[in-house]
Every structure is written in C-alpha cells, then in structure tokens.
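Down below is the structure, laid out as structure tokens.
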Ligand SMILES: CC(C)(COP(=O)(O)OP(=O)(O)OC[C@H]1O[C@@H](n2cnc3c(N)ncnc32)[C@H](O)[C@@H]1OP(=O)(O)O)[C@@H](O)C(=O)NCCC(=O)NCCS
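In my numbering, the protein residues as written are 2 to 204.
Here it is in structure tokens:
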C-alpha cells in the first residue's frame, strides 16, 4: 500500500540545506488559495526560524519507494482564542471554563488553542489527486493531539474564507464556527473582509 510520509520543514533544511528546500517549495502550486501557495514558497522557512509557526510537508510514497511526491502541507502555531459565550453550546462552554478563563465583562472565554494556520494540497502535476483533504486535516489535528499529549489542552482552531465549500469541508471534519476575524491589512491574498473562525474539541 502506498503511504504518506510527513517531514518537518526544519528537519528537511538540516538534511538538504536551505537552497535545495527553497527550490523544492518553489514548485508548490495552490491556485485555489494563493495565500497557501505564497506562504509555503516565501514565508514558511522564516516563520519557522522565528518560532512563529512550524510546518510539516506531506509526501506520497509508492509501494516500491521509487516514487515520492509532495502532496500537501500544514502549518501549526501556538495561539489562543476568544470565544463569546453566546456562540457556543453549554457543553462547549463548560469545557472552555475548564481549559481557559471566563471574562464576565465581555462574556468571553479565553482559551489556549493551537492554530492550524495553513493547510493545502499541492496542485502541481496533479499531486492533489494522491491525497484527500480529510487525510491532510487528520494529519494536522493528530499533530496538535501529539503536542497536547505533552502539554495539555483540548482545543484546536483554524480560520477560513467565507466559502461554502471550505466551510462544509471543515464542518464535515468536526469543526464548528465560533466567530469571525477582520482581515489584517497585510492579508491581501485572501478574499472577503473577514475570516470565519472554527474550532474543534479533540477527544
Ligand atoms: C481544502 C482542501 C484541503 C480540501 O480538500 P478535499 O476535501 O480533498 O477537496 P477538493 O480539493 O476535492 O475540493 C472540493 C471542492 O472545494 C473547492 N475548493 C477547494 N479549495 C477552495 C478554495 N480555497 N476556495 C474555493 N473553493 C475551493 C474545490 O474546487 C472543489 O470544488 P468542486 O467540488 O466544485 O470540484 C483542498 O481543497 C485544498 O487544498 N484547497 C486549497 C487550499 C485551501 O483553500 N486550504 C484551506 C485554507 S483555510
């Protein structure tokens, strides 16, 4: 059976050197989301160097290990979320009370939660057909689980453009919308004025 291999960007740089890695990343294509493409090409290495986020590359490997293709990547960052009590269920509110702080003045929970900051398939050479979004997202949430297994925590979140196909993809994978964030001035590669924020409680 063909399998997926996950390689941490940092380990790849140690092994191959930065120039070679940059050249590999320069072939990553994501026409459906330019932010995803530009991040891996031009920002992931610097963000990693500054410990702002960490990126993992996902490769598809053939049975005989002769073929190996970059099929996608995800990036995780350490963050927290502010969640309005009115936007979540009672069960979720209880969980947030357990893991975070409640601010009565704003009726918000402040909870530490890793952010899946980037996630995308590589559309170059049809590599996107070798992996499903569900598998890629599962790998990203498993990474968060590994981290939380060491330091605690149960929540993970992400932000996406207000597009039905993206929202139904995340809903299908157990994420629930909890708010929206106005785009920063420098977030010019994304469409719309806001990003929808979605969270998941990891069991
Ligand atoms: C999001 C993603 C991982 C989901 O993978 P998947 O479940 O295997 O789904 P597919 O790639 O088959 O896409 C499903 C549909 O969503 C659409 N879609 C995917 N990304 C989209 C985007 N950013 N904007 C608009 N539509 C998008 C596809 O065109 C496709 O539409 P179709 O059914 O009409 O053909 C993958 O589509 C992807 O890498 N998209 C580009 C990067 C991206 O937008 N990442 C999310 C950042 S929040």
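Beta carbons: idealized from backbone N, C-alpha and C, even for Gly. Because the structure is a prediction, the values reported are computed rather than measured.
Taking 8 angstroms as the cut-off, decide whether the C-beta atoms of residue 138 and residue 122 are in contact.
For the purposes of this step, residue 138 is taken as residue 137 along the chain shown, with counting starting at 1. For the purposes of this step, residue 122 is taken as residue 121 along the chain shown, with counting starting at 1. No, they are not a contact pair.
Can you name, in chain order, every residue of its own chain whose Cβ lies under 7 angstroms from the Cβ of residue 6, other than the five neighbours on each side?
As a position in the chain shown, residue 6 is number 5, starting the count at 1. These residues qualify, in order along the chain: 60, 62.
Cβ of residue 145 versus every heavy atom of ligand 1: is any distance shorter than 7 angstroms?
The residue given as residue 145 occupies position 144 in the chain shown. Not so, every heavy atom of ligand 1 lies at least 7 angstroms from the Cβ.
Let me confirm a value: residue 108 is counted as buried when at least 16 other C-beta atoms fall within 10 Å, else exposed. Which label applies?
Here residue 108 corresponds to residue number 107 of the chain shown, with the count starting at 1. It counts as exposed.
For the segment 80-94 against the segment 147-155, do three or more pairs of beta-carbon atoms, one drawn from each stretch, fall closer than 8 angstroms, so that the two count as touching?
no
With 16 other Cβ atoms within 10 Å as the buried cut-off, status of residue 102
One-based indexing of the chain shown puts residue 102 at position 101. Counting Cβ neighbours within 10 Å, residue 102 comes out exposed, since fewer than 16 surround it.
Would you kindly report the start and end of the unbroken alpha helix (DSSP H) that includes residue 137?
Start at 1 with the first residue of the chain shown, and residue 137 comes out as number 136. Per DSSP, the unbroken alpha helix (DSSP H) holding residue 137 starts and ends at 134-152.
When you compare only the Cα positions, how much space is there between residue 106 and residue 171?
Locating residue 106 in the chain shown gives position 105, where the first residue counts as 1. Locating residue 171 in the chain shown gives position 170, where the first residue counts as 1. Each residue's Cα considered, the two are about 31 angstroms apart.
State yes or no: is the C-beta of residue 180 within less than 8 angstroms of the C-beta of residue 88?
As a position in the chain shown, residue 180 is number 179, starting the count at 1. As a position in the chain shown, residue 88 is number 87, starting the count at 1. Yes, Cβ-Cβ distance for residue 180 and residue 88 is below 8 angstroms.
Closer than 8 angstroms is the cut-off here; do at least three beta carbon pairs connect the segment 71-79 with the segment 110-122?
yes
Around the C-beta of residue 152, are 16 or more other C-beta atoms found within 10 angstroms, so that it is buried, or is it exposed?
As a working note, residue 152 is residue 151 in the chain shown. Burial is judged here by how many other beta carbons sit within 10 angstroms of a residue's own beta carbon; residue 152 has fewer than 16 and is exposed.
Roughly how many angstroms lie between the CA atoms of residue 22 and residue 13, to the nearest whole one?
Here residue 22 refers to the residue found at position 21 of the chain shown. Here residue 13 refers to the residue found at position 12 of the chain shown. Spanning the two alpha carbons is a distance of roughly 7 angstroms.
Taking 6 angstroms as the limit between beta carbons, can you name the residues of its chain near residue 9, skipping five residues before and five after?
As a position in the chain shown, residue 9 is number 8, starting the count at 1. Correct list, in chain order: 57.
Is the beta carbon of residue 179 within less than 7 angstroms of some heavy atom of ligand 1?
What you label residue 179 is simply residue 178 of the chain shown in a count that begins at 1. Not so, every heavy atom of ligand 1 lies at least 7 angstroms from the Cβ.
Could you check if residue 51 is buried or exposed, using at least 16 other CB atoms within 10 Å of its CB as the buried criterion?
Position 50 of the chain shown holds residue 51. The residue is exposed, with fewer than 16 neighbouring Cβ atoms inside 10 Å.
Rounded to whole angstroms, what's the CA-CA distance from residue 104 to residue 114? Just pull it up for me.
In the chain shown, the residue the question calls residue 104 occupies position 103. In the chain shown, the residue the question calls residue 114 occupies position 113. Whole-angstrom Cα-Cα distance: 17 angstroms.
If you reduce the DSSP assignment to three classes, tell me which class residue 155 lands in.
Start at 1 with the first residue of the chain shown, and residue 155 comes out as number 154. DSSP places residue 155 outside both helix and strand once states are collapsed to three, so it counts as coil.
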